[in-house]
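Only one structure is covered here, and it is reproduced in the block below.
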Amino acid sequence: MYKPLNPLLHSELRLAVMSILLGVESADFVFLREQTGATAGNLSVQLDKLAKAGYIAVEKSFRGKMPRTVCRMTDAGRDAFAEYVAALETYIKK
Numbered sequence: 001m002y003k004p005l006n007p008l009l010h011s012e013l014r015l016a017v018m019s020i021l022l023g024v025e026s027a028d029f030v031f032l033r034e035q036t037g038a039t040a041g042n043l044s045v046q047l048d049k050l051a052k053a054g055y056i057a058v059e060k061s062f063r064g065k066m067p068r069t070v071c072r073m074t075d076a077g078r079d080a081f082a083e084y085v086a087a088l089e090t091y092i093k094k
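Quick note on the numbering used here: the sequence shown kicks off at 1 and runs consecutively.
Printed below as a string of structure tokens:
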């Protein structure tokens, strides 16, 4: 039987963000935008969805007069990502 895929992580952009954050301690908004090729508006919306789910923590600050947004994956996000990968493996191995 196939395990259900987490719809929050099954989105291409959200999955890309989570994949990037899995390999780093944290990443700023500009880096995530460059790596994913997303528009600033779309990335902002998707980060908000991940943050509301508790999968990422978002810290907003200023560097001089420039706003800076830094994201990191939470323990809940790591668990959800691991569950997503495990569920995906049920599709691949059959």
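Virtual Cβ for every residue (Gly too), placed ideally from N, Cα, C.
What's the call for residue i, buried or exposed, on a 16-neighbour Cβ count within 10 Å?
i: R63; result: exposed
i: I56; result: buried
i: A40; result: exposed
i: M90; result: Residue identity check: residue 90 is Thr in the sequence provided, not Met. T90 should be labelled exposed.
i: A76; result: exposed
i: Q46; result: buried
i: V17; result: buried
Report the three-state DSSP secondary structure of residue i (helix, strand or coil).
i: A57; result: strand
i: A27; result: strand
i: M1; result: coil
i: T74; result: coil
i: T39; result: coil
i: L9; result: coil
i: K52; result: helix
Round the Cβ separation of residue i and residue j to the nearest angstrom and send it over; I've been treating them as touching at under 8 Å.
i: S26; j: V70; result: 5 Å
Considering only DSSP beta bridges, list what residue i is partnered with.
i: R68; result: S61
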